[in-house]
Each structure stands twice: as structure tokens, then as C-alpha cells.
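Heads up: the sequence shown at position 382 corresponds to 382 in full-length UniProt numbering, and the numbers run straight through without jumps. Just so you know, even glycine gets a beta-carbon here, dropped at the ideal spot from N, CA and C. Everything on this sheet refers to the single structure shown next.
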Amino acid sequence: MQSSSIRNLSQHLFWIALSAFIAWMPFYNNGVFFSRGHAHIDLVLLILLSFYLVFRIISWFVDKPSTGEKPLYVHLSWFDVAFAVYVILYLLSLFYAASLPLAVEGALDALALIFPFALMRNYGHFSLASTYLLCALGISSIGINAIGFANGWGQLLFPSAITLSPSLQVSSVFQYHNTYASFVTAIGLGLMAYCALSPRWIMLRAFFTGMAALDFAGLLLSDSRGALLFFVIVLICLLIGLKTQEGSQVARSRFLLFFAAAWVGAGLSYTLLRSAILHQDVGNGWVAFVIGIVLPFFLVLAFSVPFRDYTSVLLSAKKTLPVITIVYMIGILGIAAIKSKSFLHKIHSYHVHQLSVIQRFIFWRDGLRIFAYNPISGKGYGAWAAMFERVESYPYYSTQVHSFFMDTLMNIGILGICALLFVLWPLLRTVIAPWRTILETDVSIAGRRALSVMALMLFAHSLMDWDFAFLSMEFLFFLGVGSAFSLRSHLSGQGFSVPLHGWLMRTATTITCLLCLAGLYQSAQTVHAENLVRNANATLSGEGRINLYAEAVHIVPYNTTYLTDEANAFLANGSSQQNLQQAISILQKTLQFDPYNATVQSQLATIAFEDRQYSLAYEAAARAFRNAPFFPSNVSLAINAATIDGMQKAPSNPSVARQRLVAALSLYQQYQKNLSIVQHLPPYLPPMQPYVLDSFTFDSLATAELGIGNNQMAIQFAAKELANSDKHTRDVAKMITLIAQQGGLPALQNPTVLAFVKERQNLHSSYALLTNLRFLMP
Numbered sequence: 001m002q003s004s005s006i007r008n009l010s011q012h013l014f015w016i017a018l019s020a021f022i023a024w025m026p027f028y029n030n031g032v033f034f035s036r037g038h039a040h041i042d043l044v045l046l047i048l049l050s051f052y053l054v055f056r057i058i059s060w061f062v063d064k065p066s067t068g069e070k071p072l073y074v075h076l077s078w079f080d081v082a083f084a085v086y087v088i089l090y091l092l093s094l095f096y097a098a099s100l101p102l103a104v105e106g107a108l109d110a111l112a113l114i115f116p117f118a119l120m121r122n123y124g125h126f127s128l129a130s131t132y133l134l135c136a137l138g139i140s141s142i143g144i145n146a147i148g149f150a151n152g153w154g155q156l157l158f159p160s161a162i163t164l165s166p167s168l169q170v171s172s173v174f175q176y177h178n179t180y181a182s183f184v185t186a187i188g189l190g191l192m193a194y195c196a197l198s199p200r201w202i203m204l205r206a207f208f209t210g211m212a213a214l215d216f217a218g219l220l221l222s223d224s225r226g227a228l229l230f231f232v233i234v235l236i237c238l239l240i241g242l243k244t245q246e247g248s249q250v251a252r253s254r255f256l257l258f259f260a261a262a263w264v265g266a267g268l269s270y271t272l273l274r275s276a277i278l279h280q281d282v283g284n285g286w287v288a289f290v291i292g293i294v295l296p297f298f299l300v301l302a303f304s305v306p307f308r309d310y311t312s313v314l315l316s317a318k319k320t321l322p323v324i325t326i327v328y329m330i331g332i333l334g335i336a337a338i339k340s341k342s343f344l345h346k347i348h349s350y351h352v353h354q355l356s357v358i359q360r361f362i363f364w365r366d367g368l369r370i371f372a373y374n375p376i377s378g379k380g381y382g383a384w385a386a387m388f389e390r391v392e393s394y395p396y397y398s399t400q401v402h403s404f405f406m407d408t409l410m411n412i413g414i415l416g417i418c419a420l421l422f423v424l425w426p427l428l429r430t431v432i433a434p435w436r437t438i439l440e441t442d443v444s445i446a447g448r449r450a451l452s453v454m455a456l457m458l459f460a461h462s463l464m465d466w467d468f469a470f471l472s473m474e475f476l477f478f479l480g481v482g483s484a485f486s487l488r489s490h491l492s493g494q495g496f497s498v499p500l501h502g503w504l505m506r507t508a509t510t511i512t513c514l515l516c517l518a519g520l521y522q523s524a525q526t527v528h529a530e531n532l533v534r535n536a537n538a539t540l541s542g543e544g545r546i547n548l549y550a551e552a553v554h555i556v557p558y559n560t561t562y563l564t565d566e567a568n569a570f571l572a573n574g575s576s577q578q579n580l581q582q583a584i585s586i587l588q589k590t591l592q593f594d595p596y597n598a599t600v601q602s603q604l605a606t607i608a609f610e611d612r613q614y615s616l617a618y619e620a621a622a623r624a625f626r627n628a629p630f631f632p633s634n635v636s637l638a639i640n641a642a643t644i645d646g647m648q649k650a651p652s653n654p655s656v657a658r659q660r661l662v663a664a665l666s667l668y669q670q671y672q673k674n675l676s677i678v679q680h681l682p683p684y685l686p687p688m689q690p691y692v693l694d695s696f697t698f699d700s701l702a703t704a705e706l707g708i709g710n711n712q713m714a715i716q717f718a719a720k721e722l723a724n725s726d727k728h729t730r731d732v733a734k735m736i737t738l739i740a741q742q743g744g745l746p747a748l749q750n751p752t753v754l755a756f757v758k759e760r761q762n763l764h765s766s767y768a769l770l771t772n773l774r775f776l777m778p
């Protein structure tokens, strides 16, 4: 008896501690704009998962079933297999990823997300587990709302938590208003679903209603159109699937009553909060914040407590739901009539040519080009971030494709998207068409159904935004997926059973444990390397900084950020040839792990150019141009390096030198094609920067034309630099023009040309290099 009580108490303490951890996650892992987050959260989750798996393996040796005892079976389904495939594809992508550093991050995330899924899948049936989780998430949303709102009147300051211009948009700790809106909307809908599905604990449900009201006020203050759209869609799905043993009419009537109380509080709170933010009114701001929670709380109690004995009779009456629906319609029409001008103005402000709308379709179309590189199993986690510059349709910069669906398609291909859709099926069934076996009015079932509603809202919004770049959001999604799977396990006669102590289960568990331990070690190493880099950034000494970066690279050798930091530390320590060559060596190593990284390729080309390794500079710059064709600095650097390399090679290898000059002109032709795209962009798609070649590039092109005998083209290119503000660039253009006018390469020794060069000392080195082109004469 005492042992049972201790075990029950330990279960409660475990779920309370876990709920507190989940409530803390969004505050810490706000991490798309900050480097910290993923590795630390992965580390915690993998510690928990590894501990459980090791404990499970040890228990097989300790608790051996006695002879003749009936073996225990684990019930699995093909949906469980689909989830396993989803995780395995991220692990396999390490061998063919577009970017190894990003693929490692994705593989660690996939391993870590086994924890929330398996936890709810196997142990979500614990009576108060889901209730604890919902309480924690609701309290977390209060804190997140408080930070977002209070930043509007100058308190609880957090970077980019709110935007006041051109329109008011609350973002809170997520620093992105759409993700914030998705989070609070999902929590609010989940709490409302719990209130409708569980008839117990009226005080708790009243508090849930108050928290949901504040979340809905946050939704309105976020100014997120997408979140509002998917709120309506998921709300309709929820109303369709609201069924219990009491009857769908009872559940829907209860939901509409609680929902009405929540929106009364949300509407009033929103109005007062908006006014307080715009007028920087601290006192009224906090009053509005409290009203958003307290008013719905007392409205629910006012309806429920006095009529407690009659509530079930009233809700089950045939006319109750139609009457409530009619009242809703009258209320909605009344609000629409009062706010008709505001609504019409808002609707007219939305159009398909808005940049945030049209860009999403462009991103998704370009994402299909990345998908085409490996349609079966994808290019690994972070495929878009690694390759979008290579496939973009016009000059833009966005490291997020704004769609979890597209991300999955690019990351793990058709196999991955099929696995994801298969995993989603129990979630959709739980919300829209729940199985008869889960219609009991039980707090555990109500809680898991509420978590499923929350997960569906998160997933729906992620279809058109990058919410799941935040690991905390993806964690909550798989928490809801695991809840739906646990509810599906109530079904009998579906799926298949595996002996708990059988070889298949032991092998799968052991392999998973080994993978998690390997991931745990890697996460710990990543965290350690992050600390070293943080110390390096705080170190002023050149040698000390280099040593710290080198140690971080030794621990995490594939991290391109640490490698480039180490290269930059060498450059900051002096531009000696030794330091330049060290930096070149490190950057070449970096590109082995991140071959599509145009930024690193461009930096390598620049350093090689400075070190007079013009052949390497050309090759690196040409690759940078292929991987980021709408960055004009890449093509300028490639043209300049190719031309200089051609001039240097002319005495020893004229044929290769001619190839370099032709390559420079070919790069310019590609630039012109891209320039035509930029020039014909519609006005609602402005390029991120002017698509203009760098200074001196036309001098290089004129030199290339001169080298292959096209004197008239050389004159035309040089003419573009004759009015350049830089004296050297202008004088080189005049020199090339003069040589071309005097007959081209044979005129290199022309007295007029020699006199021109002699008068301008800044041309001596350029002229000496230019004379190498005489070896190209037939």
C-alpha cells in the first residue's frame, strides 16, 4: 500500500516537473534569431530519453518473466512505423545532406523529439498528465502575453517583442508575430476544448477560460492574418468533432458557452490593451491584462455555480444548442454592423500582391527546385537555408521557406512527407472524427484530446510559416501527436503486437538507446563548443582567441560557423601570407561540410585574391556565383579573378589563359540574363539590393575582350568606367581604350600608349600585367 502511494506520488511529481520544463521552453528556446536554444533543449531531452531507455534495457535483465508466465505484448500500429521512418530519414540524411552542420542539428532534433512523442504515446493515459501539461502551457502563455503586452508600454523589455509601426504587432519572446499568434491561439483552443470535454473541476475550467481569453486577445494584437484564418478552420474542425458520451449537443453547447465567456473577456481586454499600448498607459495596461483573465473566470462561475444541479439538464435539452447558435449569429451580425467600416477596410487591405503573400508562393515554387535534387529522400535538414540562394527566382534573402510541409519535402523527400502525413492521420481523427472508445467524460481523455487540438492548430499554421524552426513549437506539436496516438491505442484489433521481451523489441530499443547516447554525447559537445566560442568572442588577445576557436573546431569539426570564426581570427591577427594561407586552408575545409555556402566561397575568393592566388580566387568566386547568382559581388569577383588569372597564365599557357578570358565574358552573359529578370520584376516585388556590378569589373571585361581580339567590344566596356570616381579605375579604362583604338594587342608597345602609361605611375603594375596578353597574339 505504501509502495503504491509512493509510486503514485512520484508520478505526480514527475509530470509536474515535466510540465514546468515545458512551460519554460518557449522563454529559453526563442531561438531562431539567437544561436542558443536547439543544442541545450536537445541535451535535456536526450538525457531524459537515454535515461529511460537504459532503465528499460536493464529491467529486461532484472525482471525476467518466469517459466509458464504469459508474455507481455506491446501494441503497435503502422502509424508508429511511420513515425520511426520520419526519424530515421533525418538520421540517414547525414550521409547526403546539403549542409552537414544543419543536418546534424536536424538529426539531433529528430532524436530528441522521440521523447515527447513516446512519453504521451505510452504514458499519456496517466490520469492528470495532460491536465498538468495544459495548466503549465496556460501559465506559460500568461507570461508570454505579459512580456509582449508590457513591452508596448515600456516594461519587461525584450528585443523585438512588439512592433508599433507601420501597424501594431505583438511578437513577445518569439520575436515574430505570426509564431506568437500560432502559439497563443493553439493554447487557447486547447484550453477551450478541455473545458468542453471535461465536466469536472469548474474552478479549473473557469481559470482555463480566463487564460484562453487572454490568448485570444493576443491573437488579435498580433495582427496575424494567417493565424486568424487557421483559428477559424481549426475551430470548425473542433466543433465537428466535439462528441462525448453525454452527446455531441452537450459538448458543443458547453463549448459555445465557455467560448462566449472567453471572447467577451478577449474583446474587452483587446480594446483596453490596444489603447494602453498606443498611449503608453502602464496602469490601464495591467488593468486590461487582469480583466482579460478575471472577467471570463467570473462569467463561467456565474453561469455554472448557481445552476450546478441543472446544468446537465439544460445542456442536454434539444433546443439549447440551436438557441445558443442563434444568439451567436445575432452577436456576430451585431459586431459586424458596428465595425463594418473597420472590417471592410481590413479586408480591402489584403490582396495577393502583398509582399508577404506573393513571396510565400515564390519560396514554395523555388523549394520544389531543391526538392528536385533528391526527390526520394531529400537533402537533409536545413536544405532550404543551405540552397535557396542557388535556386531563387529573383533577388531575395530568406533563410526560411515559410512552410513546414515544404521543409519536410525538401529535407526528407517523398518518403518523409508520406511518413508525416501518415503520422497526422490519428491526430486528424482525434479532433474531427473521434473514435467511440475515446468519448468517455474522463479528464485524461479530455486532456489528450485538447492537446491534439493544440497540435492541429500548430501544424495548420506551420503549413504557411516557419513556426517549427522554434524547437519548442515542434516539441508541442509532437506532444499532441503522441497524445493522439495514445488515444488511438484504445482501439482493439488494429495494428500488430510485439512481445515486450522479444528479440525485435529488444533490438529496436537497444539501437534507439545507442543512437540517443550518441546524440547526447554530440549535444554535450556542441554545448561545450558554444561556451568556448563565447569565451573566444570575449577574448581580445589574437593568439588566445585563435586557440579557443581551434579547440571548439576540434570538438565540433563540422561546424561552419566556428570554422569561419577561426579563419577570421587568423585574419584579424594580421594579413601576413602565413595568416592568409591558414585562413584559406580553413575555409576550404569548411566547404567540404557546406558545399553550397556562397558566403564562405566568396570570402575564400576574396582572401585568395589578396594572396594573389588568382586561379583559386576565380574558382571559388565562380562557385559562389553558381550558388548565389543574384549577388552581384560574386560575379564581379569571379570576372576580375578570371581576367587577372588569364593575364598571369598567358606567358606559360596561352590556351588556358584564353579560356579564362572567355570564362569572364561568359560570366557576364549569365549576369545579363539575371539582370533582365531583375529589370522586369513587377513593382510589388522589389529586389533586396541593386543588381549592379562592382567597380572595376568593366575594366576586367574590356581587358578580356582585348585579349581575345574584340577591340570594339573592349572600347564599349571601358567606356562604362571612363567617368568612374576612382582614379585608378578611370585611368585603366582610358589605357584600354587607347590600346584598342591603336589596333589592339599589337599596340601594347605603341609610343602613344607608352607615353600615356609613363605619365601615370598608378598604371605601371596594371600595364606590366596587361603586356602578358601579347602571348595570345596569333
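### Message
Give me the residue from F27, H75, L113 and F83 with the minimum Cα distance to V44.
### Response
L113
### Query
Quick one: Cα of Y310 to Cα of S304, how far?
Reliability of the predicted coordinates at Y310 is poor, the pLDDT of 45 falling under 50, and the value obtained from them is presented with this limitation in mind. Rounded to the nearest angstrom, the two C-alpha atoms are 9 Å apart.
### Sequence-distant residues of the same chain with beta carbon closer than 8 Å to T325, five excluded per side
L256
### Query
Looking at C-beta atoms only, is the number of pairs between the stretch 280 to 291 and the stretch 262 to 271 that lie closer than 8 Å three or more?
yes
### Query
Roughly how many angstroms lie between the CA atoms of L427 and H528, to the nearest whole one?
Approximately 38 Å, taken between the alpha carbons.
### Query
Anyone know if the C-beta pair for L238 and R252 falls short of 7 Å?
no
### Task
Within 10 angstroms of the Cβ of G493, are there 16 or more other Cβ atoms? Answer buried if so, exposed if not.
Caution applies to G493, whose pLDDT of 48 falls short of 50 and renders its modelled position unreliable; the value that the coordinates give is listed next. Exposed, since its Cβ has fewer than 16 Cβ neighbours within 10 Å.
### Query
Counting along the chain, where does the alpha helix (DSSP H) carrying E619 start and finish?
Y614 to N627
### Task
May I have the straight-line CA-CA distance separating S602 from H402, to the nearest angstrom?
27 Å
### Query
Between A110 and Y96, which are expected to be in contact by the criterion C-beta below 8 Å, what is the C-beta distance as a whole number of angstroms?
About 16 Å separates the two Cβ atoms, so there is no contact after all.
### Message
Which of the three DSSP states is assigned to T752 in this structure?
### Response
helix
### Coil, strand or helix - L238 by DSSP
helix
### Message
Alpha carbons only, please: which of Y381, I376, G380 and A714 is nearest the one belonging to C418?
### Response
I376
### Message
Short of 8 Å in beta carbon distance, which residues of its chain neighbour L235, apart from the five on each side in sequence? Order them along the chain.
### Response
L189
### Query
Which one of Q245, K379, R658 and S725 has the shortest CA to CA distance from N772?
R658
### Task
Report the partner residues of V170 according to the DSSP bridge assignment.
I162
#### Entry: For R7 and F230, the rounded distance between their alpha carbons
42 Å
#### Entry: DSSP-derived helix/strand/coil call for A433
Three-state DSSP puts A433 in coil, outside helix and strand.
### Task
Pick out the complete alpha helix (DSSP H) segments inside the stretch 661 to 722, 4 residues or longer, and give them in chain order.
697 to 707 and 711 to 719
### Straight-line gap, S636 to L156 (C-alpha atoms, nearest Å)
47 Å
#### Entry: Range covered by the alpha helix (DSSP H) that runs through N634
P632 to K649
### Query
Would you say T560 reaches chain B, if we count a Cβ-Cβ gap shorter than 7 Å as a contact?
Given the protein chain composition of this structure (a single chain), no chain B is represented.
### Query
Expressed to the nearest angstrom, what Euclidean distance is found between the alpha-carbon atoms of A146 and I187?
15 Å
### Message
Report the CB separation of G138 from M192 in whole angstroms; it is logged as a contact under 8 Å.
### Response
The pair is not a contact, with the Cβ atoms about 11 Å apart (cut-off 8 Å).
### Query
Do you know how far the Cα of V553 is from the Cα of R534?
13 Å
### Task
Confirm, please, whether the CB-CB distance from A39 to S523 is below 7 Å.
One thing to note: S523 has its Cβ within 7 Å of the Cβ of A39.
### Query
So, helix, strand or coil for A97, using DSSP?
coil
### C-alpha distance - F183 paired with M473, whole-angstrom precision
8 Å
### Query
Run through DSSP, which three-state label would K243 get?
coil
### Message
So the candidates are G480, A663 and S141; which of them puts its Cα closest to the Cα of H125?
### Response
G480
### Task
Return helix, strand or coil for P595, following the three-state DSSP convention.
coil
### Task
Could you give the DSSP three-state label for T441: helix, strand or coil?
coil
#### Entry: Bounding residues of the alpha helix (DSSP H) (the contiguous stretch that carries T560)
T560 to A572
#### Entry: Nearest-angstrom Cα separation, counted from L94 out to Q359
30 Å
### Query
If we call anything under 7 Å between Cβ atoms a contact, is A641 one with Y614?
yes
### Task
Let me know the alpha helix (DSSP H) ranges lying completely inside the stretch 170 to 200, each 4 residues or longer, listed in chain order.
177 to 197
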